[in-house]
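Residue numbers (the numbering used here), protein chains in the order written: chain A, 1 to 149; chain B, 1001 to 1149. The structure under discussion appears below in the form of structure tokens.
Protein chains: 2
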Amino acid sequence: MTATDAECMGLALQQARQALLAGEVPIGACLVHGERRIVARNTVLSGSDPTGHAEIVAIRRASTELNATRLDGARLYVTVEPCLMCAAATHYAGIAEVHYGASLADLQELTGDELSAEPLPVGPRLRGGLQRDASLALLRAWSERRALR
Amino acid sequence: MTATDAECMGLALQQARQALLAGEVPIGACLVHGERRIVARNTVLSGSDPTGHAEIVAIRRASTELNATRLDGARLYVTVEPCLMCAAATHYAGIAEVHYGASLADLQELTGDELSAEPLPVGPRLRGGLQRDASLALLRAWSERRALR
């Protein structure tokens, strides 16, 4: 893990913590494009948006800021492995690398989401397990809180 | 094809025609939720948004208008079969039925997009071929125009 990897995943985890405080699924992202770092978090509930996963929000924010339809060569750090929707979005955005923490299998154990975790035949290079424990701790806190309701 | 099916696909095709005029990939959508019909078109280029497929734009617009995270029971009419990203989004949105015109195979023949067309194991009921010729004619016009550039 390079200093940059740790730093960018740290920014993504910070977003995930903010999501947890806001009652959202605690998933955060940090998109790196050149010198820019664009952070985002899950906004499904707060934004009334079923597509508001952290990765989608980060990609939309970055492409708006850069006024670009593609973010070729960008790196995306996300606290949980991208779902199919987000994996396809990273492909369309031209993202080169995705670094994630907890896996979809970890998430599925907590949420029961039934969307397959099979990797896409195209798209960015994926690398998992980056600060997985910190990501998992947030997901577990959220899951426990949900169970108490 | 019921009167409603024809009418809703007509609205989606109208959006696809507007997309073509705007220089976008000509794909349009119409989301039906209760009495509401919410239309949208591809905004990838005009909106600098790699996730701006007609289905995603329609889902986001509908969930914002209805202030709802899920659109359970909604029907989505789209001029081209949803890609993986959009299919997963329809699953998350709780959409019950997707009616489409041209198939992903039709689109891939024109664009070369390599994302698999395998249907998801979960998600809405899919029905294809609704006014396929009209949808294909728009895709071909766009493809020919692109080749001239």
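Quick reminder that beta carbons are idealized off the backbone N, C-alpha and C, glycines included.
Query: Is there at least one Cβ from chain A nearer than 9 angstroms to residue 1151 (chain B)'s Cβ?; Result: In the structure displayed, chain B extends from 1001 to 1149; residue 1151 (chain B) sits before or after that span and is not available.
Query: Got a sec: which bits of the region 68–91 of chain A sit with their beta carbon under 7 angstroms from any beta carbon on chain B, in order along the chain?; Result: 68, 69, 70, 83, 84, 85, 88, 89 and 91
Query: Along the chain, where does the beta strand (DSSP E) that runs through residue 76 (chain A) open and close?; Result: 75–80
Query: Please tell me whether residue 60 (chain A) has its Cβ less than 9 angstroms away from any Cβ of chain B.; Result: yes
Query: Looking at chain A, is there any beta carbon in it that lies within less than 9 angstroms of the beta carbon of residue 1056 (chain B)?; Result: yes
Query: Could you please give the first and the last residue of the uninterrupted alpha helix (DSSP H) stretch that includes residue 1029 (chain B)?; Result: Here residue 1029 (chain B) belongs to no alpha helix (DSSP H); instead the beta strand (DSSP E) covers 1028–1033.
Query: Could you check what DSSP says for residue 10 (chain A) in three-state terms: helix, strand or coil?; Result: helix
Query: Just the chain A side, please: which residues come within less than 9 angstroms of residue 1045 (chain B) by C-beta, in chain order?; Result: 69
Query: Quick one: is residue 96 (chain A) near chain B, going by C-beta distance under 9 angstroms?; Result: no
Query: Mind checking the region 1024–1052 of chain B against chain A and listing, in chain order, the residues whose C-beta falls within less than 9 angstroms of any C-beta there?; Result: 1044, 1045, 1047, 1048, 1049, 1050, 1051 and 1052
Query: Of all Cβ atoms in chain B, is any one closer than 9 angstroms to the Cβ of residue 66 (chain A)?; Result: yes
Query: Please confirm whether residue 1093 (chain B) has its beta-carbon closer than 9 angstroms to some beta-carbon of chain A.; Result: yes
Query: So what does residue 1017 (chain B) bridge to, in DSSP terms?; Result: Answer is none; residue 1017 (chain B) lacks a bridge partner.
Query: Please go through the same chain and pick out, in chain order, the residues whose beta-carbon is closer than 7 angstroms to the beta-carbon of residue 1120 (chain B), but skip the five residues on each side of it.; Result: 1087, 1088 and 1091
Query: If you count every other CB in all the chains shown that lies within 10 Å of the CB of residue 206 (chain A), and 16 or more means buried, which is it?; Result: No answer is possible for residue 206 (chain A): it lies beyond the span of chain A, which begins at 1 and ends at 149.
Query: Give the straight-line distance between the Cα atoms of residue 83 (chain A) and residue 1065 (chain B), rounded to the nearest whole angstrom.; Result: 25 angstroms
Query: Taking the DSSP output, what are the residues bridged to residue 100 (chain A)?; Result: A:78
Query: Can you tell me the Cα-Cα spacing of residue 54 (chain A) and residue 1099 (chain B), whole angstroms?; Result: 28 angstroms
Query: Going along chain B, which residues have a C-beta under 7 angstroms from residue 63 (chain A)?; Result: 1048, 1049 and 1050
Query: Just checking my contact of residue 32 (chain A) with residue 60 (chain A) at CB under 8 angstroms: how many whole Å lie between their CB atoms?; Result: That pair is no contact at about 16 angstroms.
Query: I'd like the list of long-range same chain contacts for residue 1136 (chain B), defined as Cβ closer than 7 angstroms, with 5 residues on each side in sequence excluded.; Result: 1102 and 1106
Query: Under 9 angstroms, do residue 1111 (chain B) and residue 1057 (chain B) count as touching if we go by C-beta distance?; Result: no
Query: Please report the straight-line C-alpha distance between residue 38 (chain A) and residue 1016 (chain B), rounded to a whole angstrom.; Result: 32 angstroms
Query: Reducing DSSP to helix, strand and coil, say where residue 1022 (chain B) ends up.; Result: coil
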